[in-house]
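> The structure is given below, and queries will be raised subsequently.
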């Protein structure tokens, strides 16, 4: 399994949609939620062979480069899950390259799988009682084994 690979056209399109959506989602949802949780269930290495950023970096930059960044006061919890150790290390390096992050940004990079880790133990809320919160979960449905109902049901049940 390659650590990085060339970006494909459909992935570029997905990334444009993701960035546009997060540019709108962040300021809207932060008005009504003390914590926003972004989960990428198949995070990858954070970079492509040609140097293009991966979805975790795009998600972080959506906040870091947002024109209303100063108005987004919510705690932002980013959970990146990847099942390949080399890709986890690559992603950690790409996040490190972003420099010091604002105090309201929390990042968790996990070696594991979405269905094995997040669905059974949603870390961003473990041991916390801060309400309200909003979730944005990015996953590749072709690889998930749990039914959509099980995944959606697991999120609101967490205290």
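Residue numbers (this note's numbering): 74 to 232. Just so it is clear, CB atoms sit at the ideal spot from N, CA and C, and this is done for glycine as well. All of these numbers come straight from a predicted model, not from anything done at the bench.
The alpha helix (DSSP H) with residue 143 in it runs from where to where?
Careful: residue 143 lies outside any alpha helix (DSSP H) and carries neither H nor E.
> Tell whether a beta-carbon distance below 8 Å holds between residue 155 and residue 117.
Contact flag set, yes.
> Which residue comes first and which comes last in the alpha helix (DSSP H) that contains residue 134?
Counting along the chain, the alpha helix (DSSP H) containing residue 134 begins and ends at 128-137.
> So is residue 208 buried or exposed if we call it buried at 16+ other beta carbons inside 10 Å?
That one is buried.
> Is it the case that the segment 75-92 contacts the segment 168-177, given that we only count it when at least three CB pairs across the two stretches are under 8 Å?
No, they do not touch.
> Rounded to whole angstroms, what is the Cα-Cα separation between residue 222 and residue 135?
With a pLDDT of only 44 at residue 222, under the threshold of 50, the placement of this residue in the model should not be trusted; the figure read from the coordinates follows. For residue 222 and residue 135, the distance between alpha carbons rounds to 29 Å.
> Am I right that residue 161 and residue 182 are in contact with their C-beta atoms under 8 Å? What's the rounded C-beta distance?
The Cβ separation is near 6 Å, so the contact holds.
> Rounded to whole angstroms, what is the Cα-Cα separation between residue 141 and residue 100?
Those two C-alpha atoms are separated by around 7 Å.
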